[in-house]
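Notes follow the structure.
Residue numbers (this note's numbering): 30 to 173.
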């Protein structure tokens with residue numbers, strides 16, 4: 030038989046667990062919202078580790094992954110190396126947010142051009158279309 034004190038202790042533990050779970054869910058949802066808005070944006074991160082065909086990249090406080098399928102053929106990354114990539118997909122997996130990066134999407138070229146070429150940033154030149162074979166060539170159709 031359980032006495033009154035033990036029932037109160039079990040209830041308090043259960044309440045604590047529920048509160049912790051809700052806080053974690055809220056943190057995950059906030060991170061999810063923050064990065065959902067950044068899909069297609071260029072980010073700079075630091076390579077943490079490369080394991081089984083996945084490169085783990087540190088983006089400030091969060092880790093993102095760069096799958097082999099989204100890497101430029103022949104490119105190798107080393108720990109501590111800074112790389113630029115585009116946020117390709119953001120999805121919730123359990124209590125974590127999975128941020129998937131890409132270095133093969135045409136969006137990467139578009140964002141790099143927008144950042145590096147002042148005429149594009151000012152709107153004097155407009156990028157109409159980008160086509161690319163990652164690691165080989167890129168074609169950019171522009172309008173002035």
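We put the CB at the ideal spot given by N, CA and C, even for glycine.
Residue i in three-state terms, based on DSSP
{"i": "residue 74", "result": "strand"}
{"i": "residue 158", "result": "strand"}
{"i": "residue 166", "result": "strand"}
{"i": "residue 110", "result": "coil"}
Cβ separation of residue i and residue j, assumed to be a contact under 8 Å, to the nearest whole Å
{"i": "residue 72", "j": "residue 88", "result": "6 Å"}
The ligand MG heavy atom lying under 6 Å from the CB of residue i
{"i": "residue 127", "result": "Among the ligands in the structure shown, none appear at all, so the ligand MG cannot be discussed."}
7 Å Cβ cutoff met for residue i and residue j
{"i": "residue 111", "j": "residue 75", "result": "yes"}
{"i": "residue 146", "j": "residue 67", "result": "no"}
{"i": "residue 154", "j": "residue 171", "result": "yes"}
{"i": "residue 159", "j": "residue 144", "result": "no"}
{"i": "residue 162", "j": "residue 133", "result": "no"}
{"i": "residue 64", "j": "residue 129", "result": "no"}
{"i": "residue 102", "j": "residue 152", "result": "no"}
The alpha helix (DSSP H) enclosing residue i, as first and last residue numbers
{"i": "residue 140", "result": "135 to 145"}
Range of the contiguous beta strand (DSSP E) that encloses residue i
{"i": "residue 131", "result": "125 to 131"}
**Item:** Whole alpha helix (DSSP H) elements within the region 31 to 108, 4-residue minimum
**Value:** Within the region 31 to 108, the alpha helix (DSSP H) runs of at least 4 residues that lie entirely inside it are, in chain order, 33 to 65.
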